[in-house]
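Trainee: Provided herewith is a single structure, encoded as structure tokens, for subsequent inquiry.
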Ligand SMILES: Cc1cc2nc3c(=O)[nH]c(=O)nc-3n(C[C@H](O)[C@H](O)[C@H](O)COP(=O)(O)O)c2cc1C
């Protein structure tokens, strides 16, 4: 039975476009995958260790092949428990608002603590290899402005470090099959916001059965 890890990173909850589209996707996914399970990881209410002190020392001890102190081992166990949630999943959905052209700091915090050698990737004489090769991913991205070539639109090449960064991260951890749904123009007034959300919700429902 497929198991899906859903990572949520907007703190706007009931007002959030990325969550609205993700919820539509998850509802359609569960309807079309009876028996499938969903693990929800909300970065705003999941305790994430600070990445300094023992956590940082544990990372560098691991890289140097040195044994971990009891304090380092304790914090590493926390990171491993987070990474295990990724390994259990064969589907990953990451929803994210655009904040200052990229992702919210809480999502970056999760990525920084969980993306570790021997947890989500290996690094040896064969180079850097992601460990989640059996997983496929969907990005559900929201932004306030419009990207494209229309007058007044922003060029994604310059202004989009949200999708570019998340795709790079997924590549690093071994996920090659990545799809993306976007909802934009959420700051262009209620009419544009509603139309944009409706189009993305419909696209999400259509995508879910085959995911
Ligand atoms: C701190 C912050 C920074 C933002 N930066 C951008 C930005 O760089 N580009 C953009 O298009 N929208 C930006 N926005 C607007 C959000 O992307 C927009 O409101 C989007 O709908 C948020 O997703 P959500 O509705 O899922 O929370 C920003 C919003 C906040 C709160």
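In this note's numbering, the protein residues as written are -5 to 205. Ideal Cβ placement from N, Cα and C applies to all residues, glycine included. Since we're looking at a predicted model, the values are computed, not measured.
1. Residue 177 and residue 194 - do their beta-carbons sit closer together than 8 Å?
2. In angstroms, rounded to a whole number, what distance separates the CA positions of residue 27 and residue 203?
3. Would the beta-carbon of residue 80 fall within 8 Å of that of residue 164?
4. Going by alpha carbons, who is nearest to residue 105 out of 36, 181, 188 and 149?
5. Between residue 35 and ligand 1, is there a pair consisting of the residue's CB and a ligand heavy atom that are separated by less than 7 Å?
6. Between residue 103 and the rest of its own chain, which residues show a CB-CB distance below 6 Å, the 5 nearest in sequence each way excluded?
7. Taking 8 Å as the threshold (C-beta atoms), are residue 77 and residue 113 in contact?
8. Exposed or buried, residue 64, counting other C-beta atoms within 10 Å across all chains shown (16 or more means buried)?
9. Considering just the uninterrupted stretch of the alpha helix (DSSP H) at residue 85, what are its terminal residues?
10. Looking only at its chain, what residues have a beta carbon closer than 7 Å to the beta carbon of residue 70, apart from the 5 residues adjacent to it on each side?
Mentor: From the atom records:
1. Here residue 194 refers to the residue found at position 200 of the chain shown. Here residue 177 refers to the residue found at position 183 of the chain shown. Taking 8 Å as the Cβ cut-off, residue 194 and residue 177 qualify as a contacting pair.
2. Your numbering for residue 27 matches position 33 in the chain shown. Your numbering for residue 203 matches position 209 in the chain shown. When rounded, the distance between both Cα atoms is 7 Å.
3. What you label residue 80 is simply residue 86 of the chain shown in a count that begins at 1. What you label residue 164 is simply residue 170 of the chain shown in a count that begins at 1. No; because the gap between Cβ atoms is not below 8 Å, this pair is not in contact.
4. Taking the first residue of the chain shown as position 1, residue 105 is located at position 111. Closest option to residue 105, Cα to Cα, is 36.
5. Within the chain shown, residue 35 is the residue found at index 41, counting from 1. Because no heavy atom of ligand 1 lies under 7 Å away, the Cβ of residue 35 does not count as near it: no.
6. Within the chain shown, numbered from 1, the residue matching residue 103 stands at position 109. 42, listed in sequence order.
7. The residue labelled residue 113 in the question sits at position 119 within the chain shown. The residue labelled residue 77 in the question sits at position 83 within the chain shown. Yes; because the gap between Cβ atoms is below 8 Å, this pair is in contact.
8. Position 70 of the chain shown, counting from 1, holds the residue named residue 64. That one is exposed.
9. Position 91 of the chain shown, counting from 1, holds the residue named residue 85. Careful: residue 85 lies outside any alpha helix (DSSP H), inside the beta strand (DSSP E) at 85 to 91.
10. Within the chain shown, the letter at position 76 stands for residue 70. Around residue 70, the same chain offers 52 and 62 as residues with beta carbons nearer than 7 Å, after the five sequence neighbours per side are excluded.
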